[in-house]
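Going by the working numbering, the sequence shown opens with residue -5, and the numbers climb by one from there. Here a beta-carbon is modelled for each residue, glycine too, at the ideal position from N, C-alpha and C. Notes to accompany the following structure.
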Amino acid sequence: MIAELGHYALTLALGVALVQAILPMVGATRGDARWMAVAVPTALVQFALLMFAFLALMHAYVTSDFSVLNVVANSHSLKPMLYKISGVWGNHEGSLLLWVAVMALFGALVAIFGRNLPPGLKARTLSIQATITVGFLLFMVLTSNPFERVFPAPLEGRDLNPLLQDPGLAFHPPMLYIGYVGLSIVFSFACAALIEGKVDAAWARWVRPWTLLAWSFLTGGIALGSWWAYYELGWGGFWFWDPVENASFMPWLVATAMLHSAIVVEKRDTLKSWTILLAIIGFSLSLIGTFLVRSGVLTSVHAFASDPERGVFILMLLAVSIGGSFALYAWRAPSLSGGGLFRPISREGALVLNNLLLTTAAATVLLGTLYPLFLELLTNDKISVGPPFFNATFVPIMIPLFVALGVGPFLPWKRADLTPVLRLLITAFVFAVAVTVLAGIVIWGQQAYALLGIAVSAWLVGSVVTEIYRKIRPTRSIGFGQAFGRLLNLPRAAWGMSAAHFGIAIVVAGATGASLLTTERIEAVRIGETVEVAQFDFTLTSVTQVPGPNYMATRGEFTITPRDSGTDQSYILEAENRQFLSNGQVTTEAAIRSFSWYDLYAVLGEPAGQGRYTVRLYFKPLVPWMWAGTIFMVIGGFLSLSDRRLRVGAPKRSAAAPNATPPNAPSPSAHPAE
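Okay, here's the thing in structure tokens:
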């Protein structure tokens, strides 16, 4: 019965979304306040209905209701409760339901927190958001019903993909969806502005917090996915440039560019058309990622579906959404003329360079992702575009971006003189050189390219510290006590920017260590044998069979002892191979011991005969820094979002009566509060 109620709520949400898509848009065109006001209650009702449907599907998973086909295909009664819940979104139909629920969530948030938005802009934004939701709800109702029944109901389900039965994958999809589905509301704001023909500083102030919210969750979601790949797949890496990995990374690059271009719109009233275009491209790339995951055009551990008919439906949805938005842009963008002029060497110029490099990087990733698909479609030839291509094209684009990232915050608006700016950055430059020299001594004889990554990381750290010091530096008239007070009173947006840039620096260092400084040994060893890896001895001490809740595990215990340390300290790592009872699939669970500067990493492979086991052993410098740097980036995003100027993006309501406003006072919506 609950499944039927969930299906009914899903269908009813489609009807509510149709009303929300049509009436507020018509009302905004006609200037009818009553029709525009329909947008708020319909957005809230639509979200409530979709959340009810989502919880109804979750109830079916939690209770192991095997009369629901989706539960049969993706669950099992022996699964731990966490994975029963995460199984809701670990499949095509359930993940689509999560997708539309997140879209409705952002619509509801705009309805609740957008009280200061102009009625026309608010109505059009919520109408466009609902229009996109209508497309996905039609897709679900017609081709991907998550509540479809099966009769007779089997006694047991076929279980969730064992690779997805992991804490990292339990939380990765929701965070990722809030990220790149959240870009839908930015897309809706952009299309609404195009229809109105008005993009100004107030619009940039309104749209920036939504971009920042989506960016923060997308950053966390991508990091969780990388972390899962690092410890779950057992190959020692964290990023393989898989097409589905790229599908989330490309919107992140474009969203990062848009965050910076919106600043120029707000501060200097220029780059309007470009910012609108970035908003459209960002969500368009999210839709392309949806097509890749669900169309069957690629095979990936991340893919949800392989049904070409569903792929055709999504392709039609893409054509309408992306084609329609670009047609609207082509029609209305010429009227969005910017007023602010600036010289190339200025804060605006630095942000334009930032945008140019980020969008070029996104285009490079898009080319490498789609080229094999187009080639196979045209010639039936299959090729693979992997890490060598992306490392050779993407990395050279990002290095000048990181260098410019250290200079940009020091440049004034409109025009700048580089000489005093570079003088301010001498300390950061000296720090980068010193760190690079020290690193060269430590890693002498290893990858020389690693020094470039370490130099860039040190440069960014030095520039962030210099920027903070510049804002609070003591002088003759301002002592250290007052300077410390200034430090504590810096706006949260300033702290957020510094934390995010510092996090990027730490991520660069971690990725450099993981990619270029790793020591790897693959050996076939007997119990009791020792393998030397860097400055550590790895000894396989035992191999035992261990039962799990829904699997049997072969557990290998490694004792790791530092060589030449002068101590008897040792570490125990336990790696597993798990064979799941429901389907016989085998997964690898790497054993990892993290320290501040490095990871020790061990994987137990298959038996190699004669009592030997294949093992993969790694010493991975700086890898923990990647995860720490990402945490700084996410914290930076939320710190900025907590600053009222970015969180609200509109003037604070006055306690005075509305009629108390002086007759010549400027419109509040035209001048958001700083």
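Write down the C-beta distance between G63 and V10 rounded to the nearest angstrom, noting that I regard them as a contact closer than 8 Å.
Reading the sequence as shown, one finds Leu at residue 63 and not Gly. Rounded to whole angstroms, the Cβ separation of L63 and V10 is 26 Å, and the two are not in contact under 8 Å.
Helix, strand or coil for N64, going by three-state DSSP, please let me know.
DSSP places N64 in the helix class (H, G or I) of the three-state scheme.
Tell me the rounded alpha-carbon separation between V243 and T57.
The amino acid occupying residue 243 in the given sequence is Phe; Val does not appear at that position. Going by the C-alpha atoms only, they are around 36 Å apart.
Does the separation of the CB atoms of F285 and L312 fall below 8 Å?
Judged by their CB atoms, F285 and L312 are nearer to each other than the 8 Å cut-off.
Which whole-angstrom value is the C-beta distance of N688 and R143, which I expect to be below 8 Å?
Since the first residue of the chain shown is -5 and the last is 668, residue 688 is not available in this structure.
Pop quiz: H613 and V527 are said to be a contact at Cβ under 8 Å. What is the actual Cβ separation, rounded to whole angstroms?
The residue you asked about is not His; residue 613 is Phe in the sequence shown. Taking 8 Å as the upper bound for CB-CB distance, F613 and V527 are in contact here, some 5 Å apart.
Pairing CB atoms from the stretch 508 to 524 with CB atoms from the stretch 533 to 545, are three or more of them under 8 Å?
Because the criterion of three Cβ pairs below 8 Å is met, the stretch 508 to 524 and the stretch 533 to 545 touch.
Rounded to the nearest angstrom, how far is the Cβ of F277 from that of L120, given a contact under 8 Å?
A Cβ-Cβ distance of about 16 Å is found for the pair F277 and L120, leaving them out of contact under the 8 Å criterion.
Do A477 and W453 come within 8 Å of each other at the CB atom, strictly closer than that value?
Cβ atoms of W453 and A477: not closer than 8 Å.
Beta strand (DSSP E) segments (min. 3 residues) lying fully within the stretch 533 to 581
Those beta strand (DSSP E) runs which fall completely within the stretch 533 to 581 and span 3+ residues are 545 to 556 and 565 to 574.
Quick check on P161: does DSSP put it in helix, strand or coil?
Here P161 carries a helix assignment [DSSP, helix/strand/coil].
Which residue or residues does DSSP assign as beta-bridge partners of P615?
As DSSP reads the structure, P615 sits in a beta bridge with Y592.
In whole angstroms, give me the CA-to-CA distance for I516 and E600.
For I516 and E600, the distance between alpha carbons rounds to 12 Å.
Spatial neighbours of V617 in its chain, beta-carbon cut-off 8 Å, leaving aside the 5 residues before and after
Contacts found: Y224, F232, G504, G507, A508, S588, Y592 and D593.
Cα separation between H495 and G456?
The straight-line gap from Cα to Cα measures roughly 11 Å.
Under the three-state DSSP convention, the category I339 falls into:
Under the three-state reduction of DSSP output, I339 falls in the coil class, being neither helix nor strand.
Hey, how far is the Cα of V673 from the Cα of F107?
The first residue shown for the chain is -5 and the last is 668, placing residue 673 beyond what the model contains.
With distances taken from CA atoms, which of E342, E461, T513 and F336 is nearest R417?
With distances taken between Cα atoms, R417 lies closest to E461.
Three-state secondary structure assigned by DSSP to P601
If DSSP states are grouped into helix, strand and coil, P601 belongs with the strands.
Can you tell me whether DSSP reads F135 as helix, strand or coil?
In the sequence as displayed, the identity of residue 135 is Val instead of Phe. Helix at V135.
Under a three-way DSSP split, which group does V82 fall into?
It is coil, neither helix nor strand.
Who are the near neighbours of A186 in its chain, counting only those whose CB is closer than 7 Å to its CB and skipping five residues on each side?
Short of 7 Å from the beta carbon of A186, and not among the five residues preceding or following it, lie these beta carbons of its own chain, in chain order: L115, R118, T119 and I122.
What do you reckon, are the CB atoms on A449 and T430 nearer than 8 Å?
Yes; because the gap between Cβ atoms is below 8 Å, this pair is in contact.
Can you give the Cα-Cα distance for A569 and R549, rounded to whole angstroms?
Looking at the two C-alpha atoms, the distance is approximately 6 Å.
Since I believe F141 is in contact with L49 (beta carbons under 8 Å), could you give me their beta-carbon distance rounded to a whole number of angstroms?
Actually they do not touch by this definition, with Cβ atoms about 12 Å apart.
Whole runs of the alpha helix (DSSP H) within the stretch 345 to 403, excluding any shorter than 4 residues
DSSP runs (the alpha helix (DSSP H)) wholly in the stretch 345 to 403: 381 to 401.
Exposed or buried, what is M30 when buried is set at 16 or more other beta-carbons lying within 10 Å of its beta-carbon?
So M30 ends up on the buried side.
Which residue comes first and which comes last in the alpha helix (DSSP H) that contains I216?
Counting along the chain, the unbroken alpha helix (DSSP H) around I216 starts and ends at A195 to E226.
Nearest by alpha-carbon distance to F46: which of A98, M310, L154 and L136 is it?
Of A98, M310, L154 and L136, the residue nearest in Cα terms is A98.
What runs of the alpha helix (DSSP H), each 4 residues or longer, lie entirely inside the stretch 421 to 501?
Within the stretch 421 to 501, the runs of alpha helix (DSSP H) at least 4 residues long that lie entirely inside it are, in chain order, 443 to 466 and 474 to 482.
Of the choices L92, I420 and G497, whose alpha-carbon is the least far from that of S451?
With distances taken between Cα atoms, S451 lies closest to G497.
Distance, Cα to Cα, L351 vs K266?
Rounded to the nearest whole angstrom, the C-alpha separation of L351 and K266 is 18 Å.
F383 and V359: beta carbons closer than 8 Å?
Taking 8 Å as the cut-off, the Cβ atoms of F383 and V359 do not count as close.
Please tell me whether G215 and L170 are closer than 8 Å, where the distance is taken between their beta carbons.
Yes, Cβ-Cβ distance for G215 and L170 is below 8 Å.
Can you have a look at L484 and say buried or exposed, based on whether 16 or more other CB atoms are within 10 angstroms of its CB?
Counting the other CB atoms within 10 Å of its CB gives L484 a total below 16, which places it among the exposed residues.
Distance check for A596 and I586, CA to CA, integer angstroms please.
Roughly 7 Å between the two C-alpha positions.
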